[in-house]
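**Student:** Position 1175 (the sequence shown) corresponds to 1175 in UniProt numbering; numbering is contiguous. My questions all concern the structure below.
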Amino acid sequence: MRKVLVVGCGGSGAKTLAYMMDQLHADLAAYGIEKIPGCWQFLSVDTPLQEEKPGGLGSVTQQGGAYVACGVSAGSYSVVDDSLTHQVQSKGPAGLRQLATWMPGTVQDVPFPVTVGAGQCRGIGRLLILDRLSAVSQAVQDALARMASTQSVSEAAEVARRVPGVGEPPATTAPPMVLVVSSMAGGSGASMTLDVCRVIAGTQTTPAIDPQLISVFLYTAEVFNEVPKDKKDGMPGNTLAMLGEIIAAQSSNGGKAARLDEELYSLMGGATKAGHAFKRVIPIGLKAGGTGAVFGDGTTSGVFRGMGRGLARYIASPAFESYVQFDIANKVDIPNHNAVSWGVDPTETAWGSFGYASLSTGRDRYAEYASQRMARRSIDHLLDGFRSAGDFSGDAQRLAALWQARMPEELAKMHLPQPTGQTVMAGGQAVDAAAQAWLMNDSATANASLIWARASEMAQQVMSTRPQAAEMPLSDWIVGMNQWLGSVEPQIMPQLATMAVEYTRARAQEVHTAIVEQVRTDLADLGLPYALQVIGELRGEAGVIKRLAGSLAGMGMQQPQHALVLPQDFVAPLTARVKETLTATGEGQWAEQVREKAAVGIYQWLVYALAQNLAKVLDDMVGSALKPLEYELNEKLKVLTHDRQSLQDVAGVADVATDLYSAWPTEPTAAMTSEQVVPQRFSTAHNEVVLMDVATYPSAFEEHVVEAVPPAARGGFDQAYREAVREIIRGEWEQGSGAPAPADLLEIASPWVPAGLPGVMSQMPAPAQYEVRLSRAQVLGRARAFVGRRGEAFESFVSQSLRDYLTDPAAGEFEQARRADEVLEGMQRAMAMARPLVQVDAQVFQRLHGSAPALSFNFSSVPFRHTKVATELVTYASHETSFDGPAVAQTIEQALSDDQVSRVDVFGSYPRTLPVAYSGLLKSVSTAWHHATGSSGARASFWQFRRARPLPGGLPMGDDDRRAMVHGWWVAFFSGGIQRPGWGMEKDTDPISVWDADSERFVPFPAPMLTSHSQMVTPNSALAAVLESILLAYLDVDDSLSVFTPWQVLRRWADTSDNAPSSKMGVRTPTQQAISELLGHGEVAGLPTPAFLEGLTQPEERRQALATLCDNILADLDQRYLPGEGKQDGPGSFTNFRSRELVDSAPLSIDLAQEMYDELTSVREVIASVAPAGAAATRRSPLEGGMVY
């Protein structure tokens, strides 16, 4: 295992991360792991303040990741512009110079709100992210802190222990891998990606992040083909600009592009070191390399989902280690990179590729089929379970009949009396017989026996404190005793009242608990309508509880006034016995009789107090306990009814996991087609090969349902299915060795505290609150848990590994042979499907590398060691010609194992190569540009606000290449080798051309250019426009790469060496040769004499003319185009840009002014020192004429 930080930039990145995390959750859940381990961290960075998420999935933060919003709360771009302008101008003497050629000329140029995005404008998007770099840095630090926590270490160890084939947990001191997922085409993501990478690489952490371990996955414009045209107008230009900036960053590690970014971060108050941003770029397109097959259903979300699945499997696979060790670490050899990547080590600028597919048993899909089918059946049962086939009575009549039939048993279970209409005498009054029997029921919590025992105990306690009075008349004693009891009674009444309240509470809670439990049973047995019918029968005005409360209230009215006063029929006869003296022995006997009478009094008082209290509490139960429950059940009935009636389109649900009722499998009927029995999506996986045929799902389901329920319920499929549905609804089943059943159908979220109890001050009365877990997602969750019970029928079948599938001893010899053929064919198909989602031009690749592109594969654990499949798979690979057969065969042999895994992941890739070789990268961009070339407005729309950096950071070349072209421009310019239309007279379609001495002709640069003649502010912008338009060459790449010829020719005026700058000593440079010819002959061979040398015949005259022209240009550059303290800053001067208004007229040349000045200075030195052609050398190189050996 590797530590991995995955960062999503923009909406594309956020959605991919959401799919990736969802896949990891699903894969880990199969092994009982509920959380993604902390060694894998996820961070989404985007413009909207409200985080994006794909439909049907939780967002990155909802799934355990983090989010940084880079947008602004105010809607106007002017707020961003004002803040940025103030900050930059206050920090640097050159003002807005670094932003001038790519930020909006005026705030009015950005009419759209920036609260939710950058409007597909990369330039705007980058301005938004710049102010949030510190927040991104902090989020990265927080993610790495979580990654290093002891909890994360423990979680990684648990994953390594429980998940086969995942490998050992990462070392605590290991640096993290970083995967950045973004788009080349969007506004927000495409603008922020490079800055985010630089921030990550510059974040100070322990262990430190190694930029060599940062990889960037970029969606190309073609991925968004399905997006309506009016919503993707900015994508082509964004893609082209992003290409230039990415290549510039790779080509200039620690160079000019990095320094410019670092300077800008400093102006923004940051201290990020921007030297090396990332190592590898992996473009992701819509079509598979080699075949051109469109991925999946061709939708953008389908590609996001496929990439999310592939990256999730990648970081959890041993193949990821191979990527780190070989694809990132190994050197890239490209012998012929003269046309592109000149002067740069191709190891730095080469891009990679990524494809993914898998072979699995497919039984995870079957598990989802079974879960969804049972969930659908459960919801149908919840809505229709009370109905009976052949019963044509109305629903109300049917529900009433069911209640009448089930009432005696249900009331008994709810600890409620069944009304009889009979009365009995109690206390001289006629009371309801059922209510009295219920009140006195010995099976209740607070029953008659308990109350009598407590009454007897209390009477005993009272009598134990009686005054002793022997040898006195019995009549006096009884009168005195009665009076004494009356005096004691007030002391015990509070205790009696408390006891009555306790009994009332216990009895009421007993009834309430029993009712809730019976509702659970009714929901599982007959569904929501019947459960609501039962509650209605209980709480109605003439319902069971109301009637019971009325009867109890009548009984309570008979409560005696006193609990300890002796009854008159006991006292009166004794007071008449005035002559009878009480002896000590007799006193004890009479005291026992008094105790018995007192116990009866206490008992009667408590019973009637209980009746009185219960009458009030039961009346409160109707409104405070049953009404909230009725409301919750009604809400669930409405929601489920709506869900079932909803005809929501499920065409976009490409993943088998969904909580949409309408997408779930229905019960098969004879009239259904095979596709109706099992929805098509179960057999369609864009990059998965499955072994279990979906046609076998229904029969397997029937078999497993019967085996999944207790033996007593296995009377056949129908009976077993009813039992399974009942268990799923309740969430209660025999669990076996796995986690306990959830038992979470209906829970009391907040207890009912009855009102109406006398003297209770400790708790305020409160209605009950319930949680009824009957949403379709909750029902589906319980169905999945039922299917996933460890060791039970479904799970035992679903969890069978590929190796066990091949070697199952229960399968006969013929079946084992069939399975081996099936697995071998499946592996071959998976390899075909794992082709990278990018197309490589074989001819361009051949020209660069001198060899053809050979597709290769990496694998997760291949669990077929010592099997026939392993032998035949290696043989197949070694002889295959559509990929690098011998290498792939060796890779397979290294991946062979005995692991008990149910899936083999296959990752495809081409050899790393330069971006120019990826033919599908810019096809849609090329089409868009060529459609726009005929209209200046269309061209402006194509390119405006797309570039987000000064030219050195936006040109697809390294520093040496760019400086060589600038140098070559000056040499060609002085030699007459630059042909350009007159200033102010040109048309946008008039090309600028450069003289090619080899072909003896002028070679034109593209026309119109990205910055055309009509958009140039100053004449010296031509060079900058020519270099900027090298991006257009990438739109028309041919086999020979001749489209790059004009820029190669321009460079050859300065350096004719191949692939890298010349380091040869003692040999004249092209600059020295050209200037020497100008001085000696007044012209360069093949070209006419330049106008400024006409009429000059002497070499020194020509040298002086050349030097003067150089000096004049250098002075103009210095005074009007280079920054410096005290320089003029106004119309016609483009130095410090202290005024925001100057940005609107900034010429493109300011981005290259310093290099133009430096390279012209170098040419000036050659002019001053080189000997004229044909003259005796007066200045000799130290090596000229030296020994050659």
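All C-beta atoms in this analysis are idealised placements derived from N, C-alpha and C, irrespective of residue type, glycine included.
(1) In angstroms, rounded to a whole number, what distance separates the CA positions of Ala14 and Ser975?
(2) If Arg1102 sits next to Leu1114, beta carbons under 8 Å apart, how far is it from one beta carbon to the other, in whole angstroms?
(3) Look at Gly125 and Gly187 and say whether their C-beta atoms are less than 8 Å apart.
(4) Only counting runs of 4 or more residues, tell me where the alpha helix (DSSP H) segments fall wholly within the region 797–855, in order along the chain.
(5) In three-state terms, what does DSSP make of Gly355?
(6) Please confirm whether Tyr366 and Ala870 have their CB atoms less than 8 Å apart.
(7) Count the other CB atoms, across all protein chains shown, that sit within 10 Å of the CB of Leu17; report buried if there are 16 or more and exposed otherwise.
(8) Taking 7 Å as the cut-off, is the C-beta of Ser926 nearer than that to any heavy atom in the ligand MG?
(9) Please say whether His512 and Met440 have beta carbons closer to each other than 8 Å?
(10) Counting C-beta neighbours from all protein chains within 10 Å, is the total for Gln436 16 or more, i.e. buried, or is it exposed?
(11) Mapping the DSSP letters down to three states, classify Met177 as helix, strand or coil.
(12) Could you check what DSSP says for Ala542 in three-state terms: helix, strand or coil?
(13) Have a look at Leu633 and Gln495 and give me their C-alpha separation to the nearest angstrom.
(14) Could you give the DSSP three-state label for Pro1004: helix, strand or coil?
(15) Please confirm whether Gly302 and Gly310 have their CB atoms less than 8 Å apart.
(16) Which value, in whole angstroms, describes the spacing of the CA atoms of Ser936 and Gly984?
(17) Could you check how far apart the C-beta atoms of Tyr910 and Gly289 are, in whole angstroms? I think they sit under 8 Å.
(18) Which value, in whole angstroms, describes the spacing of the CA atoms of Asp1158 and Arg962?
(19) Does DSSP put Met557 in a helix, in a strand, or in coil?
(20) Rounded to whole angstroms, what's the CA-CA distance from Pro952 to Glu262? Just pull it up for me.
(21) How far does the alpha helix (DSSP H) with Leu194 in it extend, from its first residue to its last?
(22) Return the CA-CA distance between Leu824 and Met833, expressed in angstroms with no decimal places.
(23) Extract the residue ranges of the alpha helix (DSSP H) inside the region 315–354, only unbroken runs of 4 or more that lie entirely within it.
(24) Please determine if the region 885–898 and the region 919–927 are in contact, where contact requires at least 3 C-beta pairs separated by less than 8 Å.
(25) With a Cβ-Cβ cutoff of 8 Å, do Pro283 and Leu218 count as a contact?
(26) Considering only residues of the same chain and omitting the five flanking positions on each side of Gly1082, which have a CB-CB separation below 7 Å?
(27) Can the beta-carbon of Ala123 be found less than 8 Å from the beta-carbon of Phe945?
(28) Could you pull the start and end residues of the beta strand (DSSP E) that Ala66 belongs to?
(29) Given Thr1011, which residues of its chain have a CB within under 8 Å of its CB, disregarding the five upstream and five downstream residues?
(30) Got a sec, what are the start and stop residues for the beta strand (DSSP E) Val281 sits in?
(31) Once the 5 residues before and after Ala785 are set aside, which same chain residues still bring their CB inside 7 Å of it?
(32) When you compare only the Cα positions, how much space is there between Glu822 and Leu28?
(33) Count the other CB atoms, across all protein chains shown, that sit within 10 Å of the CB of Thr989; report buried if there are 16 or more and exposed otherwise.
(34) Please name the residue in Gln676, His381, Glu792, Leu691 whose C-alpha comes closest to that of Pro711.
(35) Given that a residue counts as buried once 16 or more other Cβ atoms are within 10 Å of its Cβ, and exposed if not, what is His415?
(36) Can you give the Cα-Cα distance for Val68 and Asn687, rounded to whole angstroms?
**Tutor:** From the atom records:
(1) Against the sequence shown, residue 14 aligns to sequence position 14. Against the sequence shown, residue 975 aligns to sequence position 975. Cα-Cα distance, rounded: 54 Å.
(2) Mapped onto the sequence shown, residue 1102 falls at position 1102. Mapped onto the sequence shown, residue 1114 falls at position 1114. Going by Cβ atoms, the distance from Arg1102 to Leu1114 rounds to 18 Å, so no, they are not a contact pair.
(3) Translated into positions along the sequence shown, residue 125 becomes position 125. Translated into positions along the sequence shown, residue 187 becomes position 187. Cβ atoms of Gly125 and Gly187: closer than 8 Å.
(4) 802–807, 813–833, 842–849
(5) For the purposes of this step, residue 355 is identified with residue 355 of the sequence shown, where counting begins at 1. Strand, per DSSP.
(6) What you label residue 366 is simply residue 366 of the sequence shown in a count that begins at 1. What you label residue 870 is simply residue 870 of the sequence shown in a count that begins at 1. No. Outside cutoff.
(7) As a first step, residue 17 is located in the sequence shown; it is residue number 17 there, counting from the start. Its Cβ being crowded by 16 or more others within 10 Å, Leu17 is buried.
(8) The model depicted lacks the ligand MG and carries no ligand whatsoever.
(9) By 1-based counting over the sequence shown, the position of residue 440 is 440. By 1-based counting over the sequence shown, the position of residue 512 is 512. No, they are not a contact pair.
(10) As a first step, residue 436 is located in the sequence shown; it is residue number 436 there, counting from the start. By the neighbour-count rule (16 or more Cβ atoms within 10 Å), Gln436 is buried.
(11) In the sequence shown, counting from the first residue as 1, residue 177 sits at position 177. Reduced to three states, the DSSP call for Met177 is strand.
(12) Along the sequence shown, read from residue 1 onward, the residue named residue 542 stands at position 542. Reduced to three states, the DSSP call for Ala542 is coil.
(13) Along the sequence shown, read from residue 1 onward, the residue named residue 633 stands at position 633. Along the sequence shown, read from residue 1 onward, the residue named residue 495 stands at position 495. Whole-angstrom Cα-Cα distance: 40 Å.
(14) By 1-based counting over the sequence shown, the position of residue 1004 is 1004. The answer is strand: DSSP assigns Pro1004 an E or B state.
(15) For the purposes of this step, residue 302 is taken as residue 302 along the sequence shown, with counting starting at 1. For the purposes of this step, residue 310 is taken as residue 310 along the sequence shown, with counting starting at 1. No.
(16) In the sequence shown, residue 936 corresponds to position 936, counting from 1. In the sequence shown, residue 984 corresponds to position 984, counting from 1. Cα to Cα, Ser936 sits roughly 16 Å from Gly984.
(17) Here residue 910 corresponds to residue number 910 of the sequence shown, with the count starting at 1. Here residue 289 corresponds to residue number 289 of the sequence shown, with the count starting at 1. That pair is a contact at about 6 Å.
(18) Taking the first residue of the sequence shown as 1, we reach residue 1158 at position 1158. Taking the first residue of the sequence shown as 1, we reach residue 962 at position 962. Spanning the two alpha carbons is a distance of roughly 12 Å.
(19) Within the sequence shown, residue 557 is the residue found at index 557, counting from 1. In the structure shown, Met557 sits in coil (DSSP, three-state: anything other than H, G, I, E or B).
(20) Working through the sequence shown from its first residue, we reach residue 952 at position 952. Working through the sequence shown from its first residue, we reach residue 262 at position 262. One C-alpha to the other measures close to 13 Å.
(21) For the purposes of this step, residue 194 is taken as the residue at position 194 of the sequence shown. Residues 188–202.
(22) Residue 824 sits at position 824 when you count from the first residue of the sequence shown. Residue 833 sits at position 833 when you count from the first residue of the sequence shown. Each residue's alpha carbon lies about 14 Å from the other.
(23) 319–322, 346–349
(24) no
(25) In the sequence shown, residue 283 corresponds to position 283, counting from 1. In the sequence shown, residue 218 corresponds to position 218, counting from 1. Against a cut-off of 8 Å, the Cβ pair of Leu218 and Pro283 comes out as a contact.
(26) The residue labelled residue 1082 in the question sits at position 1082 within the sequence shown. Contacts found: Thr1089, Leu1093, Leu1096, Arg1102.
(27) Translated into positions along the sequence shown, residue 123 becomes position 123. Translated into positions along the sequence shown, residue 945 becomes position 945. According to the sequence shown, residue 123 is Gly rather than Ala. Yes.
(28) The residue given as residue 66 occupies position 66 in the sequence shown. Unbroken beta strand (DSSP E) run through Ala66: 66–69.
(29) In the sequence shown, the residue the question calls residue 1011 occupies position 1011. Result list for Thr1011: Trp943, Ser1021, Ala1024, Ala1025, Glu1028, Ser1029, Leu1148, in chain order.
(30) The residue given as residue 281 occupies position 281 in the sequence shown. It spans 280–284 - the beta strand (DSSP E) in which Val281 sits, taken as one unbroken run.
(31) Translated into the one-based positions of the sequence shown, residue 785 becomes position 785. Closer than 7 Å at Cβ, skipping near neighbours: Pro742.
(32) Residue numbering aside, residue 822 sits at position 822 when the sequence shown is read from its first letter. Residue numbering aside, residue 28 sits at position 28 when the sequence shown is read from its first letter. Looking at the two C-alpha atoms, the distance is approximately 27 Å.
(33) Within the sequence shown, residue 989 is the residue found at index 989, counting from 1. The residue in question, Thr989, is exposed, as its Cβ has fewer than 16 Cβ neighbours within 10 Å.
(34) By 1-based counting over the sequence shown, the position of residue 711 is 711. That would be Glu792, whose Cα lies nearest to the Cα of Pro711.
(35) For the purposes of this step, residue 415 is taken as residue 415 along the sequence shown, with counting starting at 1. It is buried - the Cβ of His415 has at least 16 other Cβ atoms within 10 Å.
(36) As a working note, residue 68 is residue 68 in the sequence shown. As a working note, residue 687 is residue 687 in the sequence shown. Cα to Cα, Val68 sits roughly 32 Å from Asn687.
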